[in-house]
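Trainee: Numbered per mature numbering (1 follows the signal peptide of the UniProt record, and there is no 0), the sequence shown spans residues -33 to -1, 1 to 147. Structure incoming, see below.
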Amino acid sequence: MGAQGQQGARNVSPHSALSNMLLCLPAAPMASAVPPNFSWVVPGKLAGLAMPRQPAHYQYMHEHGIRHLVSLTDRSPPYHDTCPGIKLHRLRIQDFCAPSLEQIKHFLKIMEDASTKGEAVAVHCMLGFGRTGTMLACYLVKAQKLTGVDAIHEIRRIRPGAIETHDQEKAVIQFHHHIK
C-alpha cells in the first residue's frame, strides 16, 4: 500500500459505531431492535433471550457488547450470518428437556473464554424460558456460588416463567451438587 493509501487508512476501535456497522450490518445502516424476551442476567456479561428473528436483533446485541450467541435449539437462528461480529455456538437440546452435564460444562467454558476477553454472551432457546433459564441458572451456581434452588429463584425473579420442567430444575440442582 502506498503512502497515500496509508494516510487514508483508519484505525477502527472494536467498540466504535463504525466497527459495529462493519461487523453487523449487511449493506446499509439499520435500526437495532431489542430481541424478544431479552434481559441481562449479569449486566454487560450474560443475557438471555428468545430466538432472534430479525437482523436488527443481532445489531442490538452487537451494540451492547455481545460477541457470542449460544443457541440451544435444533435449528440455527435466522439471519445469524448478518452479523459476523457475533460468533454462533450450537448446543442442541430438545425442547422442554434439560441439558446434559457435558452441555452445561461446554456452555460454562464459552462463558469463561468470553469473560477473559471482556466479551458478553447471550443464550437463547425458542422462547427463552426453559432451556435458556436452565443454562442461566447453572451459570449462577458456578459463578456466584448459589445453591441450585437459589439460582432457580434468582433466574425466575429476573426472567419470570424461566425453567419450565421438573427435569430442568433437577439439572440445576444436580449441577450444584456436582461442583460443590
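C-beta: ideal position from N, C-alpha, C; glycine also. Remember, predicted model here, so these are calculated numbers, not experimental data.
How many angstroms separate the CA atom of Ala65 from the CA atom of Gln111?
Mentor: Rounded to whole angstroms, Ala65 to Gln111 spans 21 Å at the Cα level.
Trainee: According to the Cβ coordinates, are Ala17 and Ile33 closer than 8 Å?
Mentor: For Ala17 and Ile33, no; Cβs fall outside 8 Å.
Trainee: For my contact list, Gly100 and Phe142 are in at a C-beta cut-off of 8 Å; report their separation, rounded to the angstrom.
Mentor: In fact, because the Cβ distance is near 13 Å, the residues do not count as touching under 8 Å.
Trainee: Can you grab the Cα-Cα spacing for the pair Ser(-2) / Ile130, in whole Å?
Mentor: Roughly 28 Å between the two C-alpha positions.
Trainee: Does DSSP classify Ala65 as helix, strand or coil?
Mentor: In this structure, Ala65 counts as coil in the three-state DSSP scheme.
Trainee: For Gly95, is the classification buried or exposed, using 16 other Cβ atoms within 10 angstroms of its Cβ as the cut-off for buried?
Mentor: Classification for Gly95: buried.
Trainee: Report yes if the CB atom of residue 162 is closer than 8 Å to the CB atom of Tyr106, and no otherwise.
Mentor: Outside the displayed range of the chain (-33 to 147) lies residue 162, so it cannot be described from this structure.
Trainee: Just verifying my parser: in three-state terms, what is the DSSP assignment at Ala89?
Mentor: Ala89: strand per DSSP, three-state reduction.
Trainee: With a threshold of 6 Å on Cβ separation, who are the neighbours of Cys92 within its own chain once the five nearest residues in sequence on each side are excluded?
Mentor: Taken in chain order, the residues that qualify are Leu39, Thr40, Arg98, Thr99.
Trainee: Residues in the same chain with beta-carbon distance under 6 Å from Gly128, minus the five sequence neighbours each way, listed in chain order, please.
Mentor: Around Gly128: Phe96.
Trainee: With distances taken from CA atoms, which of His120, Arg126, Ile71, Ile125 is nearest Lys109?
Mentor: It is Ile71.
Trainee: Following the continuous beta strand (DSSP E) through Arg123, name the residue where it begins and the one where it ends.
Mentor: Premise fails: Arg123 lies in the alpha helix (DSSP H), 115 to 125, not in any beta strand (DSSP E).
Trainee: Under 8 Å, do Leu55 and His47 count as touching if we go by C-beta distance?
Mentor: Yes; because the gap between Cβ atoms is below 8 Å, this pair is in contact.
Trainee: What do you reckon, are the CB atoms on Val37 and Val1 nearer than 8 Å?
Mentor: No; because the gap between Cβ atoms is not below 8 Å, this pair is not in contact.
Trainee: Start and end of the beta strand (DSSP E) containing Val37?
Mentor: From DSSP, the beta strand (DSSP E) with Val37 extends over 33 to 38.
Trainee: Quick one: what's Arg57 bridged to in DSSP?
Mentor: Bridge partners of Arg57: Ser38.
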